[in-house]
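Trainee: There's a structure below that I have some questions on.
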Amino acid sequence: MTGDDVLRQAFVWLNDPLNWRGPDGVPALVAEHLAMSAAAVALAALVALPLGVWLGHRGRGGGLTVLASNTSRALPTLALLYVFATTGLGFGNRPTVVAAAIFAVPPILSNAFTGLREVDPAARDAARGMGMSGRRSLLAVELPLALPLIAAGLRTAAVQVVATVPLAALVGGGGLGTIIVTGFATRRFGEVVAGGLLVAALCLLVEALLAWGQRVLTPAPMRVRAGARTLTAAA
Amino acid sequence: MPRVTGAAPNPWFSWDYVRANWGDITEALGQHVTLTLQAVAIAALVALPLALVAFRRPRLAGPVLGLTGVLYTIPSLALFALLYPLLRDRRETVLVGLVMYALLVLVRNALVGLQGVDPAVVDAARGLGMGPLRTLLTVQLPNALPAIVTGLRLATVTTVALATIGVVVGYGGLGQLMYRGFASQYRAEIVTATVLTLALALVADAAWWLAGRLAAPWARAGGAR
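Protein chains in written order, with this note's numbering: chain U, 1111 to 1345; chain C, 2 to 226.
Shown next, in the form of structure tokens:
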């Protein structure tokens, strides 16, 4: 009974044109959400991609990547956000971007590392036999072969970041999470549900788009391998 | 340290705080532990039959794996937001949300583990005259045990971390302490709760690892993956 009521209120909220306009409207919040996510993924990739590629190329640091992903799984995002709020990083969007970026490092790092590690040693040998230097072999042989896995890591990280950014609302930031948190604060549960639906829809949409993009961009012979890997990465 | 605002000092850790707030800390820890145990136990009880059904009906396996992967991308904040107005109970909201996430991990790992059993071993069981049920119970399940335990470890660790998001409905276990520390801008409280959360995850993970080793001693040698 109350459940139906809340659902009805949620649809009323979603159908109210006022909620879709202005600086606090849904399109503006979505844009803010996506901008924050893009910044976080870029920040994480900037650190994790070169490091993962280098470690994978040199074949060391496997323990480091495992440690990074295990720690990030156990560390609550909220803890990091709250800790940041008591430091110079302050409140709102900036600390959220930094926190989301920190949590996006492990998937990018470990996928880049594994991608380069799993390059067929025969291909590496052949590159060397053709007289390629270590750098040339990395750029012309190993990186292209590792690309599907690196892309899978970026995709996992991006989806995870889009799902983490709503927490910004808990430390005074923006994005779609604000609808949920404002709804809870004012006890308007229709709004809470509407926000929940919007956040979930955005995450599913980003996941679907990236999955499609990855499929389209992956050369046909490499598709099966990349698909098998995302499965384990997502778990 | 140099950021002294003229008010009271704001240390990263303080034994005085721990001593003075021992009651609150143990209460939050207890809430966190019971939430985690309950969520993982319920999820495990539901997940194993689901995984078995999906395993026995291979046509279901693909959709089950796809669906669990997709549902896992829904953020916990959104899930709690959808659940609370329907359940109208703080504890139930957090518990149901945690059960759902744990369920996704457990079903996935159990199914992948069962599918990964060497077909030659299953063939050998059949050759020995075992029926399908007996094969499942004495061959396939024990062989899938390491993967199932891995799923339990993953599910428990993520549950411990996710439970903190329960602050959005006011029932986040140790997250509640973090929130209080955040609201009063008191670092020691946030750090104490964070360290306890990490310790809890670590202890739970080690316990499952030990249980897995005891339950599947044969996996020790060949378990390298």
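Using N, Cα and C, we set each Cβ at its ideal position, and we do this for glycine too.
Out of curiosity, what's the CA-to-CA distance linking A1261(U) and F1299(U)?
Mentor: 39 Å
Trainee: Give a yes or no on whether 7 Å exceeds the smallest Cβ distance from P147(C) to chain U.
Mentor: no
Trainee: I75(C): which of T1181(U), F1201(U), T1274(U) sits nearest, CA to CA?
Mentor: T1274(U)
Trainee: Going by beta carbon distance, what residues of the same chain come within less than 7 Å of A103(C), once the five residues before and after it are set aside?
Mentor: Counting only Cβ-Cβ distances below 7 Å, and skipping sequence neighbours, we find A40, V41, A44, A156, T160.
Trainee: Taking C-beta to C-beta, are A79(C) and V1122(U) nearer than 7 Å?
Mentor: no
Trainee: In three-state DSSP terms, what is T1288(U)?
Mentor: Helix.
Trainee: Given this structure, state the Cα-to-Cα distance separating V1193(U) from I166(C), to the nearest angstrom.
Mentor: 15 Å
Trainee: Classify V19(C) as buried or exposed, calling it buried when 16 or more other Cβ atoms lie within 10 Å of its own Cβ.
Mentor: exposed
Trainee: In chain order, what residues of the same chain have a beta carbon less than 6 Å from the beta carbon of T139(C), not counting five sequence neighbours either side?
Mentor: none
Trainee: Using only CA atoms, which one of A1304(U), V1157(U), A1189(U) lies nearest to A1389(U)?
Mentor: As shown, chain U starts at 1111 and ends at 1345. That puts residue 1389(U) outside it, with no answer to give.
Trainee: Return the chain-ordered list of same chain residues with a C-beta closer than 6 Å to the C-beta of N144(C), the five sequence neighbours on each side being excluded.
Mentor: V118
Trainee: Contact check, H1167(U) vs L1259(U) under 8 Å by CB: the rounded distance?
Mentor: Contact between H1167(U) and L1259(U) does not hold, since their C-beta atoms are separated by about 14 Å, which reaches or exceeds 8 Å.
Trainee: Looking at chain C, which residues of the region 1163-1189 of chain U have a Cβ within less than 7 Å of any of its Cβ atoms?
Mentor: Taken in chain order, the members of the region 1163-1189 of chain U whose beta-carbon sits within less than 7 Å of a beta-carbon on chain C are R1183, A1184, L1185, P1186, L1188, A1189.
Trainee: Under a three-way DSSP split, which group does L1280(U) fall into?
Mentor: helix
Trainee: What is the DSSP secondary structure of N1180(U), reduced to helix, strand or coil?
Mentor: Residue state, collapsed to three classes: helix.
Trainee: Select from G1202(U), G1305(U), G1198(U) the residue whose C-alpha is nearest the C-alpha of I1289(U).
Mentor: For I1289(U), the nearest C-alpha among the options comes from G1305(U).
Trainee: Beta carbon of I1218(U), beta carbon of A1138(U): below 7 Å?
Mentor: It is not a contact, given that the beta carbons lie outside the stated cut-off.
Trainee: Going along the chain, which residues of its own chain have a beta-carbon closer than 6 Å to the beta-carbon of S1179(U), five neighbours each way excluded?
Mentor: P1216, S1220
Trainee: Checking 7 Å against the spacing of the C-beta atoms, do L105(C) and T94(C) come in under that value?
Mentor: no
Trainee: Three or more C-beta pairs closer than 8 Å, one from the region 169-179 of chain C and one from the region 1180-1192 of chain U: is that the case here?
Mentor: yes
Trainee: Could you check which residue in R1265(U), Q1270(U), L1165(U), V1302(U) has the C-alpha nearest to that of L1320(U)?
Mentor: R1265(U)
Trainee: Which same chain residues, not among the five before or five after A1154(U), have their C-beta less than 7 Å away from its C-beta?
Mentor: Excluding sequence neighbours, A1154(U) sits near A1211, A1214, V1215, I1218, A1267.
Trainee: Look at V1271(U) and C1313(U) and say whether their C-beta atoms are less than 7 Å apart.
Mentor: no
Trainee: So which residues of chain C does I1290(U) contact, with C-beta pairs closer than 9 Å?
Mentor: What I1290(U) touches in chain C: L78, A79, F81, A82, V169.
Trainee: Drop a sphere of 10 angstroms on the beta-carbon of V122(C), count the other beta-carbons inside from all chains shown, and report buried for 16 or more, exposed for fewer.
Mentor: Exposed.
Trainee: According to DSSP, simplified to helix, strand and coil, what is N110(C)?
Mentor: helix
Trainee: In chain order, what residues of the same chain have a beta carbon less than 7 Å from the beta carbon of Y197(C), not counting five sequence neighbours either side?
Mentor: First, the amino acid is wrong: residue 197(C) is Leu here, not Tyr. Within the same chain, L197(C) has close Cβ partners L30, L175.
Trainee: Please state whether DSSP places V140(C) in a helix, a strand or coil.
Mentor: Look at V140(C) here: in three-state DSSP terms it is helix.
Trainee: Out of R109(C), P147(C), G128(C), point me to the one whose CA is closest to A220(C)'s CA.
Mentor: P147(C)
Trainee: Among the residues of its own chain, which have a CB less than 7 Å from the CB of F183(C), if the five just before and after it don't count?
Mentor: I191
Trainee: Identify each residue in the region 101-131 of chain C for which the Cβ-Cβ distance to at least one residue of chain U is less than 7 Å, and report them in chain order.
Mentor: V106, R109, N110
Trainee: Our contact map puts A111(C) next to A52(C) with C-beta atoms below 8 Å; I'd like the distance itself, whole angstroms only.
Mentor: 4 Å
Trainee: Look at the Cβ atom of F1201(U), then the Cβ atom of V1281(U), and state whether they are nearer than 7 Å.
Mentor: yes
Trainee: Please work out which residues of its chain come closer than 8 Å, Cβ to Cβ, to V97(C), disregarding the five sequence neighbours upstream and downstream, and give them in chain order.
Mentor: L84, L88
Trainee: Under the three-state reduction of DSSP, which class applies to Y85(C): helix, strand or coil?
Mentor: The answer is helix: DSSP assigns Y85(C) an H, G or I state.
Trainee: Quick one: is F1299(U) near chain C, going by C-beta distance under 7 Å?
Mentor: Answer yes: the Cβ-Cβ gap between F1299(U) and chain C drops below 7 Å somewhere.
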